[in-house]
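Undergrad: Let me give you the structure first, and then I'll get to my questions.
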Amino acid sequence: MKNSQLDYILRIRLPITIFIVITSFALTYYISRPERDGIGNTPEQPIQFSHKLHAGDMKMDCKYCHTGVDKTRHAMIPAVGTCMNCHTIARKDRPQIQLLKTYYDEGKLLPWKRVHKVPDYAYFNHSVHVNKGIDCTACHGEVTQMEIIGQVSSFTMGSCLDCHKNVHDKLPELKSINKGPNNCYACHR
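Heads up: take any position in the sequence shown, counting from 1, add 630, and you land on this note's numbering.
The structure is reproduced here in structure tokens:
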């Protein structure tokens, strides 16, 4: 190879190639970030359910529907029977409630689509957080104002560690809580 060709490759082609590769990675990372973080995830649900109406206007406690949130690691998605505790009487003439009743009468589970998802490789225990006095809104946002539920927080390692390390900055009302654990095993089991 001639020196002029090598010089051309090193001075022109190599920097352009490096620039294109770095730009491609950066754009891919930037464009796919909302999907990875889950922020803005608002899947269409089988039943139109307003958290604003139920948790906001009617002031229903989250634990009424999401049973076990203070006893287990999961915040359970409500069974159709939970909905029917009220809707055998309340607003039973509405099309969405009639659809709900169909699921109930047929003994079927509602095929709710997951909104908030912690990565499979991470361990998260709702009951630990709830029993420490951390309000649902700390991670799930102002659910009482949401007609359609959506993910507003990133459930990434960075966001969890940020709260664990700076709990009094993030949740100033929790004076009695020390910092959350930040060792690997706390979340990766």
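Even for Gly, the Cβ is constructed at its ideal location relative to N, Cα and C.
For Phe649, count neighbouring C-beta atoms within 10 Å of its own C-beta (all shown protein chains included) and say buried if the count is 16 or more, exposed if not.
TA: As a position in the sequence shown, residue 649 is number 19, starting the count at 1. The residue in question, Phe649, is exposed, as its Cβ has fewer than 16 Cβ neighbours within 10 Å.
Undergrad: Between the Cα of Val758 and the Cα atoms of Thr732, His794, Gly737, Met787, which residue gives the shortest distance?
TA: Counting from one through the sequence shown, the residue named residue 758 turns up at place 128. It is His794.
Undergrad: Helix, strand or coil: how does DSSP classify Phe649 here?
TA: Locating residue 649 in the sequence shown gives position 19, counting from the first residue. Helix at Phe649.
Undergrad: Please list the terminal residues of the continuous alpha helix (DSSP H) segment that includes Val773.
TA: The sequence position of residue 773 within the sequence shown is 143, counting from 1. No alpha helix (DSSP H) contains Val773, which DSSP labels as neither H nor E.
Undergrad: For Lys809, report the span of its alpha helix (DSSP H) as first-last.
TA: Stepping through the sequence shown from its first residue, residue 809 is reached at position 179. Lys809 -> no alpha helix (DSSP H), and no H or E assigned at all.
Undergrad: State the Cα-Cα distance for the pair Ile707 and Gly788, rounded to the nearest angstrom.
TA: Within the sequence shown, numbered from 1, the residue matching residue 707 stands at position 77. Within the sequence shown, numbered from 1, the residue matching residue 788 stands at position 158. Cα-Cα distance, rounded: 26 Å.
Undergrad: Note down, in chain order, each residue of its chain lying with its Cβ closer than 6 Å to the Cβ of Lys800, except the 5 sequence neighbours on either side.
TA: Locating residue 800 in the sequence shown gives position 170, counting from the first residue. Excluding positions up to five away in sequence, the list reads Cys793.
Undergrad: If contact is defined by three or more beta carbon pairs under 8 Å, each pair taking one atom from either stretch, is the stretch 678-690 in contact with the stretch 802-810?
TA: No, the stretch 802-810 is not in contact with the stretch 678-690.
Undergrad: How many whole angstroms separate the CB atoms of Pro673 and Val745, which I take to be in contact at a CB cut-off of 8 Å?
TA: The residue labelled residue 673 in the question sits at position 43 within the sequence shown. The residue labelled residue 745 in the question sits at position 115 within the sequence shown. Confirmed, about 6 Å.
Undergrad: Please classify Leu739: does DSSP put it in a helix, a strand, or coil?
TA: What you label residue 739 is simply residue 109 of the sequence shown in a count that begins at 1. Three-state result, Leu739: coil.
Undergrad: How many Å lie between Gly698 and Asn755 at the Cα?
TA: The count along the sequence shown starts at 1 and reaches residue 698 at position 68. The count along the sequence shown starts at 1 and reaches residue 755 at position 125. Gly698 and Asn755: Cα-Cα distance of roughly 11 Å.
Undergrad: Counting only the same chain and skipping the five closest in sequence on each side, list residues whose C-beta sits under 6 Å from that of Lys762.
TA: As a working note, residue 762 is residue 132 in the sequence shown. Here the set comprises Ile807.
Undergrad: If we call anything under 8 Å between Cβ atoms a contact, is Asn633 one with Gly780?
TA: Within the sequence shown, numbered from 1, the residue matching residue 633 stands at position 3. Within the sequence shown, numbered from 1, the residue matching residue 780 stands at position 150. Cβ atoms of Asn633 and Gly780: not closer than 8 Å.
Undergrad: Once DSSP output is grouped into helix, strand and coil, what is the label at Phe679?
TA: In the sequence shown, the residue the question calls residue 679 occupies position 49. Phe679: coil per DSSP, three-state reduction.
Undergrad: For a test of the three-state rule: what should DSSP assign to Arg724, helix, strand or coil?
TA: What you label residue 724 is simply residue 94 of the sequence shown in a count that begins at 1. Coil at Arg724, not helix or strand.
Undergrad: For the alpha helix (DSSP H) that contains Cys692, what are its first and last residues?
TA: Position 62 of the sequence shown, counted from the first residue, corresponds to residue 692. Run containing Cys692: 692-695, per the alpha helix (DSSP H) assignment.
Undergrad: Taking the alpha carbon of Tyr815 as the point to measure from, which residue in Leu791, Val797, Asn796, His798 has its own alpha carbon closest?
TA: What you label residue 815 is simply residue 185 of the sequence shown in a count that begins at 1. For the residues Leu791, Val797, Asn796, His798, the minimum Cα distance to Tyr815 belongs to Leu791.
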